[in-house]
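Below: the structure, in structure tokens.
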């Protein structure tokens, strides 16, 4: 009986165990499913929130992009600002180059005017031209001669050794006798490099087509601006081209051009010294009057002395001033006494054949000539032309 009860108890326990285990497993499964579902829901909720945040951030970025790059004013100005900055930089660089450019100096030894030798259209005593530049200038001067316009020479010197550049140039021109003896068409351009001074002398036959005011304008407007940048050859080529334009121009065109040049000259700075020729004319008129009052001898000396003082004060060269003073005195003496007119040759208005350019020098007296006559046969020499002091100078 006791064994039966014990067996029934064991059987009941086994049955209870079998019933409880599925229920526990189901509960665990339900709990696990619930937990997984909650976890999945939380992850889903979190993912949605993140995606919404990312989407909002993207929209904000698009708005910023549209505001900046979609704005036409901004996008149009960005390239313009870059271009303006590039132009400013280029302009600054150009200004820096101009500011730092300096005229070249010559290291060659200076030469007295009577020691210069004319053996070519270009006498580069200052050694400032390259072979190519010298060849170009020679071709331009020979072109003038071949056309029968002028016999021109160009001379550069380091310095005039303290001599007035007009006197230096005149001495050279008188010695070399540039131009044809019948037409007096010589032209001399002299450049004194280290003195930063130059002078252009025209023969008697070229004074009409190349008056002093025109030559001064060519120096000021065409030649010296290039000299200031150290481009001596470039400035001289421009000047020679301007001279050629006048030599081949129609007289009516020249008259109109000279009228405009005269108007420009009247507006120039008062710092320009008066023309030596104008001073001479005034002295002649004054001399005719004063000799009628004081007598021919005393009046002639008074007028001549006044001319010398005015000419030297205005910066004229001593040699040419004395030469013109002697002419003035002889004119007044002979005029007052009823004699014939004194003096030398008057300036001619016609064009002649020769032009000479000398950088740095002046005119001097002398009777020397050049052998070989002009450019023929590969040589170069004066043809007996005369100079009366016509021309102009300038500095840089």
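Residue numbers (mature numbering (1 follows the signal peptide of the UniProt record, and there is no 0)): -26 to -1, 1 to 370.
Beta carbons: idealized from backbone N, C-alpha and C, even for Gly.
Here the structure is a predicted model, which means the values were calculated and not measured.
In the DSSP annotation of this structure, the continuous segment of the alpha helix (DSSP H) that includes residue 119 starts and ends at 105 to 120.
In this structure, residue 179 lies away from residue 148, with their beta-carbon atoms at least 8 Å apart.
With 16 or more other Cβ atoms from the protein chains shown falling within 10 Å of its own Cβ, residue 281 counts as buried. A straight line joining the alpha-carbon of residue 87 with that of residue 143 spans about 8 Å.
In the structure shown, the three-state DSSP call for residue 156 is coil.
By a beta-carbon distance limit of 8 Å, residue 79 does not contact residue 146. Their separation comes to about 22 Å. Assigned with DSSP and collapsed to three states, residue 211 falls in helix. For the pair residue 287 and residue 274, the CB atoms are not nearer than the 8 Å cut-off. Per DSSP, the unbroken alpha helix (DSSP H) holding residue 258 starts and ends at 250 to 268. DSSP places residue 142 inside the alpha helix (DSSP H), whose first and last residues are 139 to 150. Note on residue 138: 16 or more other CB atoms within 10 angstroms of its CB, so buried under the neighbour-count rule. Residue 105 counts as exposed, since fewer than 16 other C-beta atoms from the protein chains shown sit within 10 angstroms of its C-beta. Under the three-state reduction of DSSP, residue 193 is assigned to helix. At a Cβ-Cβ threshold of 8 Å, residue 363 and residue 294 count as neighbours.
Between the alpha carbons of residue 269 and residue 369 lies a gap of roughly 43 Å. Under the DSSP definition of a beta bridge, residue 125 partners with 160.
Within the same chain, Cβ atoms closer than 8 Å to the Cβ of residue 198 are found at 172, 209, 368, 369, 370, the five residues on either side in sequence being excluded.
Between the beta-carbon of residue 253 and that of residue 284 there is about 5 Å, and that keeps the pair under the 8 Å contact cut. Between residue 85 and residue 130 a beta carbon distance of about 11 Å is seen, past the 8 Å cut, so the two are scored as non-contacting. The Cβ atoms of residue 112 and residue 94 lie closer than 8 Å to each other.
In this structure, the straight-line span from the alpha carbon of residue 120 to that of residue 262 is close to 45 Å. Taking a C-beta distance under 8 Å as the contact criterion, residue 161 and residue 207 do not qualify as a contact pair.
Secondary structure of residue 187 (DSSP, three-state): helix.
With distances taken between CA atoms, residue 255 lies nearest to 306 out of 289, 306, 272. For the pair residue 365 and residue 189, the CB atoms are nearer than the 8 Å cut-off. A residue is called buried when at least 16 other Cβ atoms come within 10 angstroms of its Cβ; residue 233 does not meet this threshold and is exposed. The C-alpha of residue 217 is placed about 19 Å away from the C-alpha of residue 107. Taking the Cα positions, residue 181 is about 25 Å away from residue 90. Comparing alpha-carbon positions, the option among 211, 237, 260, 296 lying closest to residue 114 turns out to be 211. Distance from the CA of residue 163 to the CA of residue 222, rounded to the nearest whole angstrom, comes to 19 Å.
Assigned with DSSP and collapsed to three states, residue 98 falls in strand. Residue 151 counts as buried, since at least 16 other C-beta atoms from the protein chains shown sit within 10 angstroms of its C-beta. DSSP, read as helix, strand or coil, puts residue 130 in strand.
Exposure of residue 229 is indicated by the presence of fewer than 16 other C-beta atoms within 10 angstroms of its C-beta. Taking residue 186 as reference, the option from 361, 225, 175 with the minimal CA-CA separation is 175.
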